[in-house]
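Student: According to our numbering, the residues represented by the first sequence are 18 to 451, in order.
Attaching a single structure in structure tokens format; questions to follow.
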Amino acid sequence: MIPISKVVAGEVPEGDEVETRGWVWRTRSSGGIAFPILRDSTGVLQVTVKKGNLPDAQFDDSVKALVESSVIVKGKAHKDKRAPGGWEIQATEFKVVGFAQPFPITKDQSEEWLRENRHLWIRSRKMTAIMKVRHTVVGAIHQFFRERGYYEFDPPILQPNQCEGGSTLFEVKFYDQKTYLSQTWQLYAEAGIFALEKIYDMAPTFRAEKSKTSRHLCEFWMAEMEAAWMDLHECTEVAKEEVRFIVQKVLESNRPELELLGRDVSRLDACLKKPFPTITYTEALELIRKDGIELEWGRDLRTNEEEAIMKHFDTPVVVTHYPKAIMAFYKPVDPEAKASGPVAKCFDMLAPEGGVEIVGGSERDTSIEALRECLERDGENPENYQFYIDLRLYGSVPHSGYGLGVERVIGWICGLDNIKDAIAFPRTGTRFTP
RNA sequence: GCCGUCGUAGCUCAGUCGGUGGAGCGGCUGACUGUUAAUCAGCAGGUCACAGGUUCGAAUCCUGUCGACGGCGCCA
């Protein structure tokens, strides 16, 4: 049994007998000859079935087998210009393992219908290619951190508190109490660094945002890191290095997939050749002011501004020092920064070609006073964060961390117009099926 | 939460001024021994999202409801 890609790549000598298996991808027939094209996880290959070369019943089956029927084929590998891909198998045996019902996905497909039939649509060449890239991205993230001495540290998924703002929690019954699905591992990571110092993880993250955009999921995978003794600058450099590493691994492993997806690979190649710049929030505002986009100092960058910023760059860019007032409670003020108001030791990384936020991180505040004050500002009861505050009482150290949106990175690398295609079964504000 | 678009055959859509619901694809039957989304002939397939209203008559006009999709806000 050999994979289809080997035949298509010409690795099987002309005329050799091969056996392969897969699913019918396209099918045509003309009297005594049929051309089912088979698909497996490695590629697609035309099978030529001629009446007379095999039992009549098998020939009839090859004509009748609808798209997605599963089959096992024996025959000779043959180089032929008329075959899509240049190679085909001339069948001497054609066994249908499972006849398919008419496949619901035909040539006219709406986005909605494909999502409704996601369990079938993931068989498509497009989705298969994306899932292969995803495999590389996830593997690269593990490799990156492990090679640099980080320990994998897994947080609980059921968590009692919020971290990123109140209204976006998924509530879960916990026997006769309430708990919530994780929005971030961060509070637990900050506990973990006192044991392991440098840690990372990749875990599902849940945000009950009613977002209907091309870059939001309510269940997504976040790859996070946290390190003791690390300041903001070091942290941004790790993030840049990580993103660079991921892109490099994908370019090493997945060029055929990127081409199938129609991705302009040269743009990814290009961004590896330069350093990723770091600018401040204040500098970013000045940059886009020249383009005629005014944003009052103190307001958060929105989609519009982020797109405008990224028109100036062809690599990912780190933006640091956002106004403290609009940042989460754990991001500390930078007393040395020069800006129109207090700014935090925090950063986002924006991806080129659209300006999607792919990374967000910061130094973490070690001042109990400041934490209490900000929690109260956000309408939170500091009593609920006692364990987090405890961490500042027993040998506190400066530390930093960030989270990387796995699907957003995949979306950027693959050039997807919607993040929902970066995950096999997307969950959004309106969909949790199939 | 706000704004917008759309619900007609299994899928993608057309349906004029309110007058007996159409096409392409897919499926089925048949023809065809080199097709490239094959081609050709025929057949089947409908609660026009739902509820109410106007009218002799509603897919079409009005009101409401539901659903989907997209954009914004928020974020990774």
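All residues carry an ideal CB built from backbone N, CA and C; glycine is no exception.
Rank F223, K307, P333, E36 by C-alpha distance to the C-alpha of T253 and give the top, closest one.
Tutor: P333
Student: Cα separation between D218 and D171?
Tutor: 6 angstroms
Student: Measure the Cβ-Cβ separation of V64 and E105 and say whether it is below 8 angstroms.
Tutor: Yes, the Cβ-Cβ distance between V64 and E105 is below 8 angstroms.
Student: Please name the residue, chosen from K341, D317, G315, D308, that lies closest to A325 on a Cα-to-Cα basis.
Tutor: D308
Student: Could you have a look at Q176 and say whether DSSP puts it in helix, strand or coil?
Tutor: strand
Student: Who are the near neighbours of H136 in its chain, counting only those whose CB is closer than 6 angstroms to its CB and skipping five residues on each side?
Tutor: P451
Student: Label G69 either buried or exposed according to how many other C-beta atoms from any shown protein chain fall within 10 Å of its C-beta, with 16 as the threshold for buried.
Tutor: exposed
Student: Taking the beta strand (DSSP E) that P221 falls in, what are its first and last residues?
Tutor: 215-223
Student: Under 8 angstroms between the Cβ atoms of V80 and S127?
Tutor: Contact annotation: V80 and S127 have beta-carbon atoms that are not nearer than 8 angstroms.
Student: Where E169 and I210 are concerned, what is the direct C-alpha to C-alpha distance, given to the nearest angstrom?
Tutor: 11 angstroms
Student: From the DSSP output, in three-state form, read off V334 for me.
Tutor: strand
Student: Which of helix, strand or coil does DSSP assign to A368?
Tutor: A368: coil per DSSP, three-state reduction.
Student: Give me the Cα-Cα distance between T222 and L198, rounded to the nearest whole angstrom.
Tutor: If I take the Cα positions, the gap works out to 8 angstroms.
Student: For W314, which of helix, strand or coil comes out of DSSP?
Tutor: coil
Student: Quick one: using the 10 Å Cβ neighbour count with 16 as the cut-off for buried, is K290 buried or exposed?
Tutor: Only exposed fits K290, as fewer than 16 other CB atoms lie within 10 angstroms of its CB.
Student: Buried or exposed: F76, going by 16 or more other Cβ atoms within 10 Å of its Cβ?
Tutor: buried
Student: Using the Cβ count rule (16 or more neighbours within 10 Å means buried), how would you classify N271?
Tutor: buried
Student: To the nearest angstrom, report how far apart F120 and H250 are at their CA atoms.
Tutor: Their backbone Cα atoms lie some 53 angstroms apart in a straight line.
Student: Relative to the C-alpha of T337, which candidate in A361, G39, E311 has its C-alpha closest?
Tutor: A361
Student: Within the segment 186-217, note down every full beta strand (DSSP E) run reaching 3 residues or more, in order along the chain.
Tutor: 188-191, 194-198
Student: Between which residues of its own chain and W429 is the CB-CB distance below 8 angstroms, once the five residues before and five after are set aside?
Tutor: A368, P369, E370, G371, V373, I375
Student: According to DSSP, simplified to helix, strand and coil, what is V155?
Tutor: helix
Student: Give the DSSP bridge partners of D78, in chain order.
Tutor: In DSSP, D78 forms no bridge with anything.
Student: Looking only at its own chain, which residues have a Cβ that is under 6 angstroms from the Cβ of D33, when we skip the five neighbours before and after it?
Tutor: A94
Student: Whole angstroms is fine: what's the gap from A117's alpha carbon to E133's?
Tutor: 19 angstroms
Student: By the 10 Å Cβ neighbour count, where 16 or more other Cβ atoms means buried, how is Y339 classified, buried or exposed?
Tutor: buried
Student: So, helix, strand or coil for E181, using DSSP?
Tutor: Here E181 scores only 49 on pLDDT, less than 50, and its place in the model should not be relied on; the value that follows carries that caveat. Coil at E181, not helix or strand.
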